[in-house]
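Using numbering that gives the first Met the number 0, you'd call the opening residue of the sequence shown number 0 and step up by one each time. For every residue, glycine included, the Cβ atom is placed at its ideal position computed from N, Cα and C.
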Amino acid sequence: MPTFEVFFAKYGWICVGITFGFAAKYALLLKRGVQVRARLVLADVLLLPMVALIAYWIASYAGAQAELRALFAAFCTVGADRLVKLLTDRFLQRVDSEASDFAQTLMGRARQTVAVEQSAERIVTDTIEGRAPESYAALKPHPQATTIPPK
Numbered sequence: 000m001p002t003f004e005v006f007f008a009k010y011g012w013i014c015v016g017i018t019f020g021f022a023a024k025y026a027l028l029l030k031r032g033v034q035v036r037a038r039l040v041l042a043d044v045l046l047l048p049m050v051a052l053i054a055y056w057i058a059s060y061a062g063a064q065a066e067l068r069a070l071f072a073a074f075c076t077v078g079a080d081r082l083v084k085l086l087t088d089r090f091l092q093r094v095d096s097e098a099s100d101f102a103q104t105l106m107g108r109a110r111q112t113v114a115v116e117q118s119a120e121r122i123v124t125d126t127i128e129g130r131a132p133e134s135y136a137a138l139k140p141h142p143q144a145t146t147i148p149p150k
C-alpha cells in the first residue's frame, strides 16, 4: 500500500472533518458580522495540528470510525478556541493543585525540622542551666548502650 493511502486510511476522515469544520467556523464568524483578518486565520491555522490531535484522541477514545471521525474533527475545529482553552485550563488547574500539594508537603517538613531543632535547643539550654528534669528522654542513656568502665 502506498504511503498516501496508509495516511488517508488512518487520518483521512480527520482531515476531511477539520477542513469542513474550518470552513464552518469562518462561515459562522461571517454570519455574526466578524471581520476575518489574516491574523485570525493564521492563529487558527496554527491551532489546527493541536485540534487534529484532540479530534483523533476523542474519536479513538469513542471508538469512532469513518464519517463519525470527520464529525468529531469538525466539531473540534468549530469549537477549537473553546476546546483548547478548556483543555489548557484543566491542565493548568492540575499543575496548580500538584504544585500546591508539593508546597504543602515541603512546608510541613520544614515546620517539623524547625520544631525538632527548637526542641533540641531547649533541651540543651535546660541541661546547661540545670533545669532539665530527669524525665527528658534525650538525657537518658540508650538501653542497649554499653558503658565504658572507668580506668
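### Task
To the nearest angstrom, report how far apart ARG110 and GLN103 are at their CA atoms.
10 Å
### Task
Output the distance between the C-alpha atoms of ALA79 and ASP88, rounded to the nearest integer angstrom.
If I take the Cα positions, the gap works out to 14 Å.
### Query
For the alpha helix (DSSP H) that SER59 lies in, which residues bound it at each end?
37-61
### Span of the alpha helix (DSSP H), counted from its first residue to its last, around ARG89
79-128
### Helix, strand or coil at GLY32 [DSSP, three-state]
DSSP places GLY32 in coil when its eight states are reduced to three.
### Query
Buried or exposed: which applies to TYR55, given that a residue is buried once 16 or more other Cβ atoms fall within 10 Å of its Cβ?
buried
### Query
What is the rounded straight-line gap between the Cα of LEU29 and the Cα of PHE21?
13 Å
### Message
Spatial neighbours of LEU46 within its chain, please: C-beta separation below 7 Å, excluding the five flanking residues on both sides.
### Response
Excluding sequence neighbours, LEU46 sits near ALA79 and VAL83.
### Message
Assuming contact is defined by CB atoms lying nearer than 7 Å, are ALA73 and GLY16 in contact in what I supplied?
### Response
yes
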